[in-house]
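*Asks:* What follows is a structure written as structure tokens; I'll ask about it next.
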Amino acid sequence: MDLGIRGKKAIVCASSKGLGRGCAMALAEAGVDLVVNGRNAELVAKTAKEIRDRFGVKVTEIVGDVSKPDVQKAILAACPDPDILVNNNGGPPLRDFRELDRAKILEGVTQNMVTPIELIQAVIDGMAERGFGRIVNITSLSVYVPIPGLDLSSGARAGLTSFLAGVARTVIDRNVTINSLLPGKLDTDRLRGPHEAGTLEEPAAATARKARISADVPAKRLGTPEEFGQICAFLCSVHAGYLTGQNIPVDGGLYVSAF
Numbered sequence: 039m040d041l042g043i044r045g046k047k048a049i050v051c052a053s054s055k056g057l058g059r060g061c062a063m064a065l066a067e068a069g070v071d072l073v074v075n076g077r078n079a080e081l082v083a084k085t086a087k088e089i090r091d092r093f094g095v096k097v098t099e100i101v102g103d104v105s106k107p108d109v110q111k112a113i114l115a116a117c118p119d120p121d122i123l124v125n126n127n128g129g130p131p132l133r134d135f136r137e138l139d140r141a142k143i144l145e146g147v148t149q150n151m152v153t154p155i156e157l158i159q160a161v162i163d164g165m166a167e168r169g170f171g172r173i174v175n176i177t178s179l180s181v182y183v184p185i186p187g188l189d190l191s192s193g194a195r196a197g198l199t200s201f202l203a204g205v206a207r208t209v210i211d212r213n214v215t216i217n218s219l220l221p222g223k224l225d226t227d228r229l230r231g232p233h234e235a236g237t238l239e240e241p242a243a244a245t246a247r248k249a250r251i252s253a254d255v256p257a258k259r260l261g262t263p264e265e266f267g268q269i270c271a272f273l274c275s276v277h278a279g280y281l282t283g284q285n286i287p288v289d290g291g292l293y294v295s296a297f
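Start counting the sequence shown at 39; every next residue gets the next number (my numbering).
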């Protein structure tokens with residue numbers, strides 16, 4: 039399917055690896071020029087080079103934590119008029135809520151609620167004026183299914199979800215949509231236990247880990263960043279202009295609900 043977005047410009051936050059990288063790859067495959075971002079300069083450069091080599095699109099690299107104002111400023115300077123914004127950021131680590139102090143709570147809320155709101159504030163009016171905009175927020179299935187120990191991540195992402203539900207309805211008439219993807223169990227570093235980010239597991243260990251983690255998933259497997267990215271790319275396409283304010287689980291059927 040031609041997504042109709044060739045030549046558009048996208049900012050994809052936290053896109054050097056994992057789900058953000060999957061989204062950047064899928065958008066590049068559709069012909070979109072990109073700003074990619076991550077905290078590790080080596081990984082950012084590696085991802086950017088692979089995208090350029092495979093798809094021939096323009097890629098700008100911005101290194102840093104997207105929740106920091108100076109990094110946001112650099113991203114927006116690199117692409118002040120994006121057609122597409124994919125919000126993504128790492129979440130707080132697994133931690134008993136009793137261990138959270140005010141500073142940790144504020145940091146988690148800043149990372150997973152305040153930061154995407156700030157970026158949306160910066161780009162949404164330009165999108166509306168130009169008559170095209172696609173905003174996709176990568177949140178978590180924990181918005182629907184609370185996970186003890188990830189209370190801060192769940193709360194911040196649920197807050198973002200509620201905040202944007204009303205905002206999404208104010209710009210749909212100008213062809214700007216805001217939707218969220220809620221990943222369940224996808225095969226990223228976050229589910230790879232003690233392994234160093236970006237390193238490879240032994241094949242037998244990887245097979246055993248995946249089988250154990252996916253045992254309760256109806257699909258009986260983990261999702262991949264690549265297929266997640268393709269769903270994101272469709273939400274960013276010209277074909278998804280009548281879909282807004284939605285929260286779409288990408289979880290192999292793990293979240294059980296008829297509605």
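Glycine included, C-beta positions come from ideal geometry on N, C-alpha and C.
Return the bridge partner residues of Asn-125 from the DSSP annotation.
*Replies:* Within the sequence shown, residue 125 is the residue found at index 87, counting from 1. DSSP, once it has assigned bridges, lists Asn-175 as partnering Asn-125.
*Asks:* Less than 8 Å between the C-beta atoms of Ser-53 and Asn-126, yes or no?
*Replies:* Translated into positions along the sequence shown, residue 53 becomes position 15. Translated into positions along the sequence shown, residue 126 becomes position 88. Closer than 8 Å, so yes.
*Asks:* Out of curiosity, what's the CA-to-CA distance linking Val-152 and Leu-179?
*Replies:* For the purposes of this step, residue 152 is taken as residue 114 along the sequence shown, with counting starting at 1. For the purposes of this step, residue 179 is taken as residue 141 along the sequence shown, with counting starting at 1. In a straight line, the C-alpha of Val-152 is about 19 Å away from that of Leu-179.
*Asks:* Going by the beta-carbon positions, is the gap between Phe-272 and Leu-41 smaller than 8 Å?
*Replies:* Position 234 of the sequence shown, counting from 1, holds the residue named residue 272. Position 3 of the sequence shown, counting from 1, holds the residue named residue 41. Yes, they are a contact pair.
*Asks:* At 4 residues or longer, what runs of the alpha helix (DSSP H) sit wholly inside the segment 177 to 248?
*Replies:* DSSP runs (the alpha helix (DSSP H)) wholly in the segment 177 to 248: 189 to 209.
*Asks:* Tell me which residues share the same chain as Thr-103 and place their Cβ nearer than 7 Å to its Cβ, disregarding the 5 neighbours each side in the sequence.
*Replies:* By 1-based counting over the sequence shown, the position of residue 103 is 65. The identity of residue 103 in the sequence shown is Asp, whereas the question assumes Thr. The answer, listed in chain order, is Arg-77 and Val-109.
*Asks:* How about Ala-48 and Asp-121: are their beta carbons less than 8 Å apart?
*Replies:* Mapped onto the sequence shown, residue 48 falls at position 10. Mapped onto the sequence shown, residue 121 falls at position 83. Yes, they are a contact pair.
*Asks:* Please name the residue, chosen from Arg-207, Glu-264 and Leu-72, that lies closest to Val-288 on a Cα-to-Cα basis.
*Replies:* To locate residue 288, count along the sequence shown from 1; it is residue 250. Here the closest residue by C-alpha is Glu-264.
*Asks:* Using only CA atoms, which one of Val-294, Leu-292 and Val-276 lies nearest to Ile-43?
*Replies:* The sequence position of residue 43 within the sequence shown is 5, counting from 1. Closest option to Ile-43, Cα to Cα, is Val-276.
*Asks:* Going by beta carbon distance, what residues of the same chain come within less than 7 Å of Arg-133, once the five residues before and after it are set aside?
*Replies:* Counting from 1 along the sequence shown, the entry for residue 133 is found at position 95. Only Gly-187 meet the Cβ criterion.
*Asks:* Considering only DSSP beta bridges, list what Gly-76 is partnered with.
*Replies:* If you number the sequence shown from 1, residue 76 lands on position 38. According to DSSP, which records beta bridges pairwise, Gly-76 is partnered with Val-101.
*Asks:* What residue range does the alpha helix (DSSP H) around Ala-48 cover?
*Replies:* Within the sequence shown, residue 48 is the residue found at index 10, counting from 1. From DSSP, Ala-48 is part of no alpha helix (DSSP H) but of the beta strand (DSSP E) over 47 to 50.
*Asks:* By DSSP's criteria, Gly-261 is part of a beta bridge. Which residues make up the other side?
*Replies:* Your numbering for residue 261 matches position 223 in the sequence shown. DSSP output for Gly-261 lists Leu-224 as bridge partner(s).
*Asks:* Between the segment 135 to 150 and the segment 204 to 218, do at least 3 Cβ pairs fall closer than 8 Å?
*Replies:* These segments do not touch.
*Asks:* By alpha-carbon positions, which one of Asp-189, Ala-196, Glu-167 and Gly-171 ends up nearest to Val-181?
*Replies:* Residue 181 sits at position 143 when you count from the first residue of the sequence shown. Answer by Cα proximity: Ala-196.
*Asks:* Tell me the rounded alpha-carbon separation between Asn-213 and Lys-46.
*Replies:* Reading the sequence shown from its first residue, position 175 is the one you call residue 213. Reading the sequence shown from its first residue, position 8 is the one you call residue 46. If I take the Cα positions, the gap works out to 14 Å.
*Asks:* Measure the CB-CB distance between Ile-173 and Ile-158 and report whether it falls below 8 Å.
*Replies:* Here residue 173 corresponds to residue number 135 of the sequence shown, with the count starting at 1. Here residue 158 corresponds to residue number 120 of the sequence shown, with the count starting at 1. Yes, Cβ-Cβ distance for Ile-173 and Ile-158 is below 8 Å.
*Asks:* Taking the beta carbon of Thr-199 as the centre, do at least 16 other beta carbons fall within 10 Å, making it buried, or is it exposed?
*Replies:* To locate residue 199, count along the sequence shown from 1; it is residue 161. Thr-199 should be labelled buried.
*Asks:* For the candidate residues Arg-90, Ala-68, Val-97 and Arg-92, whose alpha-carbon lies nearest to that of Asn-75?
*Replies:* Position 37 of the sequence shown, counting from 1, holds the residue named residue 75. Comparing Cα-Cα distances from Asn-75 to each of Arg-90, Ala-68, Val-97 and Arg-92, the minimum goes to Val-97.
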